[in-house]
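Those protein sequence lines, which keep their order, are chains A and B.
Counting from 0, one number per residue, gives the positions in the first sequence under numbering that gives the first Met the number 0.
Counting from 0, one number per residue, gives the positions in the second sequence under numbering that gives the first Met the number 0.
Ideal Cβ positions, reconstructed from N, Cα and C, are used throughout, including at glycine.
Report on the structure given below.
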Amino acid sequence: MSSAVTSIALADPGEGHRLSHQACEELRSRLRTAAREAPGCLLIDVEAAAWHQGPEFPPPGLDGGSDVSQAAVAGNFHALIEQLFSFAAPVLVTLDGPVSGFGLALALAADLRFATPRATFSLGSPASAAALLGGTSWLLTRAVGSATFAHLVWTGTALEADAARERGLLSSVSPAAGTEARALAERLAALPGVTTSAIKRALTSRQRPDLAATLDYESWLVGVATSQDG
Amino acid sequence: MAESGTTERADASTADATSGPVRYELCGQVAVLTIARPEARNALSSDVLRGLSGGLDRAENDADVRAVVLTGGPRIFASGADIRELRATTPAEYLQSERLAAWQRFARFPKPAVAAVAGYVLGGGCELAMTCDLVVAADTAVLGQPEIRLGIIPGAGGTQRWARVAGRFRAAELVLAGRTVDAWTAQAMGLVNRVVPAERVVEAGVAMAATLTAHSPVALRLGKAALRASEELPMSGGLDHERALLGTLLSTEDHLEGIDAFLEKRPARFTGR
């Protein structure tokens, strides 16, 4: 029996609001709703810079500084990553702007990524703890290898979309990324649910403990990296 | 320099702290016992063992303490026995020493105990961690039983507990070959529950202990007793023991409170009665 595609469109809330606790909580809520629909495929359409961490992660101690306590990181950012990674159906993401820091972790927690040529990919400055949010060390290494993680985290480089595709980060780069992703999502949703479920479990089930251990460890490391007495 | 955010937080809520090689501090309902003998890499001298034993007595007798954390801080847990002391000890002295009584006391401590270990966790240090119920290890932790290099073997449970935790063959690598393992390997072997950055190891240990304190103290005590009995009893005897302990719990106010709270969808308020 086949199912439908469930779509989540993520508008760019603008600088200062992207990937905030509130934005993460809203996405968690939408993922829970989507899970109840038991779709054959989940398609997340990320508008513009909605997954750009950038300046939205000011260090603690400054006005408006981020809450990077272990409990906050584990209960908010990392819980969202585990939720997305564990989604029962295939998850496809379309990206159309800068993707960085925790946004890159979200993109990597999906199964496949489609991008327009406008998309770029980075972990942000090595001076920012944003690079540690979301288990990017594990997710990026799993997807494309530790060399790419090391390159991005130490150089602060942003990969253009074509370079990201060449490294294996993306399935496709096209101005019509959304259309391509939608077409594949519909094909996947038309497959027998037992088959896609089995493949999805093969992709993620045994890896969940490794991801969980990484997220736990790095939830404490974020606090170390942002400590004021270091 | 502050040792860690954890220690600072623990200090802030400390009700009491004593001098000597073992500090005793309170962090809510968690007693934190810190080996503080850095000049000797926290070697487990008789003074340290006495301090730990006294701290556990105090924690056991304080009804407000529901769990303890044993730690050496974020740099080093314990490098093992005090070798100079050990060299001067005769067999007769060893068998009658307070060291033996202290180790028996650690193993009999009835409340939940969390070891928060960093750096060297060697010899007696590793055996001390294994007397606890849960182990949080820093990413700097090095665990092992290197006694074989000194022409001796572990004498405080190392051979028995490693074999039970990791299996006899993997235990042989530590006990007979003197191999040491890092925190991640120890976690894979089953000795470590959680690996955290060294700077946060005490905080993580206290956090783990604090999660236990939400539960019924009497259920924790009997749960620990049942787990410990599993190391001593055959399966049929262990199951009998477990049933008897559950029967005891069914006579407590806490079990009524726990079930009522669940049905009423509210947090339980356990009193230990």
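Q.
To the nearest angstrom, how far is the alpha carbon of B:Thr179 from that of B:Glu172?
A. Translated into the one-based positions of the second sequence, residue 179 of chain B becomes position 180. Translated into the one-based positions of the second sequence, residue 172 of chain B becomes position 173. Approximately 8 Å between the Cα atoms of the pair.
Q. Does any residue of chain D bring its CB to less than 8 Å from the CB of B:Val195?
A. In the structure shown, chain D does not exist; the protein chains are A and B.
(Q) Cβ closer than 9 Å: which chain A residues qualify as neighbours of B:Ala203? (A) Here residue 203 of chain B refers to the residue found at position 204 of the second sequence. Within 9 Å Cβ-Cβ: Gln69 and Trp219.
Q) Where does B:Thr70 sit, in a helix, a strand or coil, going by DSSP? A) Locating residue 70 of chain B in the second sequence gives position 71, where the first residue counts as 1. Three-state DSSP puts B:Thr70 in a strand.
Q.
Applying the 10 Å Cβ sphere with the 16-neighbour rule, what's the burial state of B:Lys110?
A. As a position in the second sequence, residue 110 of chain B is number 111, starting the count at 1. Result: buried.
Q) Quick one, which of A:Thr140, A:Ala184, A:Val223 and A:Gly100 has its alpha-carbon nearest A:Leu210's? A) For this step, residue 210 of chain A is matched to residue 211 along the first sequence. Per the Cα distances, A:Thr140.
Q) Counting only beta-carbon atoms, is A:Gly230 nearer than 8 Å to chain B? A) No answer is possible for residue 230 of chain A: the residues shown for chain A start at 0 and end at 229.
Q) What is the DSSP secondary structure of A:Ala8, counted as helix, strand or coil? A) Counting from one through the first sequence, the residue named residue 8 of chain A turns up at place 9. In the structure shown, A:Ala8 sits in a strand (DSSP, three-state: E or B).
**Q.** Sequence-distant residues of its chain with Cβ nearer than 7 Å to A:Phe230 (five each side left out)
**A.** Absent from the model: residue 230 of chain A. The displayed extent of chain A is 0 to 229, so no value can be given.
(Q) Using DSSP's beta-bridge definition, name the partner residues of B:Ile34. (A) Here residue 34 of chain B refers to the residue found at position 35 of the second sequence. According to DSSP, which records beta bridges pairwise, B:Ile34 is partnered with B:Val21.
Q | Where B:Glu263 sits in the DSSP three-state scheme | A | Residue 263 of chain B sits at position 264 when you count from the first residue of the second sequence. Three-state result, B:Glu263: coil.
Q) Just curious, the alpha helix (DSSP H) that B:Ser235 is in, first and last residue? A) Looking up residue 235 of chain B in the second sequence gives position 236. Its alpha helix (DSSP H) spans residues Met234 to Leu248.
**Q.** Where the beta strand (DSSP E) through A:Arg186 begins and ends
**A.** Within the first sequence, numbered from 1, the residue matching residue 186 of chain A stands at position 187. Premise fails: A:Arg186 lies in the alpha helix (DSSP H), Ala176 to Ala189, not in any beta strand (DSSP E).
Q: Locate the beta strand (DSSP E) running through A:Leu91, then write down its first and last residues.
A: Counted from its first residue, the first sequence places residue 91 of chain A at position 92. First-last of the beta strand (DSSP E) with A:Leu91: Val90 to Leu94.
Q.
Could you tell me the alpha carbon to alpha carbon distance between B:Thr212 and A:Ala78, rounded to whole angstroms?
A. As a first step, residue 212 of chain B must be located in the second sequence, where it is residue number 213. As a first step, residue 78 of chain A must be located in the first sequence, where it is residue number 79. Answer to the nearest angstrom: the Cα atoms are 24 Å apart.
Q: Just mark B:Asp81 as buried or exposed, buried being the case when its beta carbon has 16 or more other beta carbons within 10 Å.
A: For the purposes of this step, residue 81 of chain B is taken as residue 82 along the second sequence, with counting starting at 1. Buried, because 16 or more other Cβ atoms sit within 10 Å of the Cβ of B:Asp81.
Q) What is the DSSP secondary structure of A:Thr194, reduced to helix, strand or coil? A) Residue mapping note: residue 194 of chain A aligns to position 195 of the first sequence, counting from 1. Note: A:Thr194 maps to helix in three-state DSSP.
Q) If you measure from the beta carbon of B:Arg199 to each beta carbon in chain A, is any gap under 8 Å? A) Taking the first residue of the second sequence as position 1, residue 199 of chain B is located at position 200. By this cut-off, B:Arg199 is an interface position.
Q: Give the straight-line distance between the Cα atoms of B:Leu221 and B:Gly204, rounded to the nearest whole angstrom.
A: Reading the second sequence from its first residue, position 222 is the one you call residue 221 of chain B. Reading the second sequence from its first residue, position 205 is the one you call residue 204 of chain B. Approximately 22 Å between the Cα atoms of the pair.
Q.
Is the beta carbon of B:Ala185 closer than 8 Å to that of B:Leu226?
A. What you label residue 226 of chain B is simply residue 227 of the second sequence in a count that begins at 1. What you label residue 185 of chain B is simply residue 186 of the second sequence in a count that begins at 1. Against a cut-off of 8 Å, the Cβ pair of B:Ala185 and B:Leu226 comes out as no contact.
**Q.** A:Asp66 classed as buried or exposed, judged by whether at least 16 other C-beta atoms fall within 10 angstroms
**A.** Along the first sequence, one-based indexing puts residue 66 of chain A at 67. By the 10 Å Cβ count, A:Asp66 comes out exposed.
Q. Any residues in the region 192–215 of chain A with a beta carbon nearer than 7 Å to a beta carbon of chain B? Which ones, in chain order?
A. Asp215
Q: With a 10 Å radius around its C-beta and 16 neighbouring C-beta atoms as the bar for buried, classify A:Tyr216 as buried or exposed.
A: Indexing the first sequence from 1 puts residue 216 of chain A at position 217. A:Tyr216 comes out buried.
Q | Assigned secondary structure, A:Leu42 (DSSP; H/G/I helix, E/B strand, else coil) | A | As a first step, residue 42 of chain A is located in the first sequence; it is residue number 43 there, counting from the start. Reduced to three states, the DSSP call for A:Leu42 is strand.
**Q.** Helix, strand or coil at A:Thr115 [DSSP, three-state]
**A.** Stepping through the first sequence from its first residue, residue 115 of chain A is reached at position 116. Three-state result, A:Thr115: coil.
Q. What residue ranges within the region 99–135 of chain B form continuous alpha helix (DSSP H) runs of no fewer than 4 residues, ordered along the chain?
A. 123–129
Q: Can you tell me the Cβ-Cβ gap for B:Val129 and B:Arg160, rounded? I've got them flagged as a contact below 8 Å.
A: Taking the first residue of the second sequence as 1, we reach residue 129 of chain B at position 130. Taking the first residue of the second sequence as 1, we reach residue 160 of chain B at position 161. The identity of residue 129 of chain B in the sequence shown is Met, whereas the question assumes Val. The pair is a contact, with the Cβ atoms about 4 Å apart (cut-off 8 Å).
Q. If you draw a straight line from the C-alpha of B:Val195 to the C-alpha of A:Ser218, how long is it?
A. By one-based count along the second sequence, residue 195 of chain B stands at place 196. By one-based count along the first sequence, residue 218 of chain A stands at place 219. Roughly 9 Å separates the two Cα atoms.
Q: Given a cut-off of 8 Å, decide if B:Gly271 and B:Pro233 are closer than it, judged by their beta-carbon atoms.
A: As a working mapping, residue 233 of chain B is identified with position 234 in the second sequence. As a working mapping, residue 271 of chain B is identified with position 272 in the second sequence. No, the Cβ-Cβ distance between B:Pro233 and B:Gly271 is not below 8 Å.
Q. By how many angstroms is the C-alpha of B:Asp138 removed from the C-alpha of A:Ala22?
A. On the first sequence, position 23 is the one that residue 22 of chain A refers to. On the second sequence, position 139 is the one that residue 138 of chain B refers to. Spanning the two alpha carbons is a distance of roughly 32 Å.
Q. With 16 other CB atoms within 10 Å as the buried threshold, where does B:Leu255 fall?
A. Taking the first residue of the second sequence as 1, we reach residue 255 of chain B at position 256. When all chains shown are included, B:Leu255 counts as exposed.
Q) Where DSSP assigns a beta bridge to B:Thr179, which residues make up the other side? A) Looking up residue 179 of chain B in the second sequence gives position 180. For B:Thr179, which the question treats as bridged, DSSP gives the partners B:Gly143.
Q: Keeping to the same chain, check which residues put their C-beta closer than 7 Å to that of B:Arg266; ignore five residues upstream and five downstream.
A: The sequence position of residue 266 of chain B within the second sequence is 267, counting from 1. The sequence given here has Pro at residue 266 of chain B, not Arg. Cβ neighbours of B:Pro266 beyond the five flanking positions: Ala260.
(Q) So for A:Ser204, helix, strand or coil by DSSP? (A) Along the first sequence, read from residue 1 onward, the residue named residue 204 of chain A stands at position 205. In the structure shown, A:Ser204 sits in a helix (DSSP, three-state: H, G or I).
Q. Can you give the Cα-Cα distance for B:Leu25 and A:Ala188, rounded to whole angstroms?
A. Taking the second sequence and counting its residues from 1, one reaches residue 25 of chain B at position 26. Taking the first sequence and counting its residues from 1, one reaches residue 188 of chain A at position 189. Whole-angstrom Cα-Cα distance: 56 Å.
Q | Rounded straight-line distance, which links the Cα of A:Gln82 to that of A:Arg27 | A | The residue given as residue 27 of chain A occupies position 28 in the first sequence. The residue given as residue 82 of chain A occupies position 83 in the first sequence. Cα to Cα, the separation comes out at about 8 Å.
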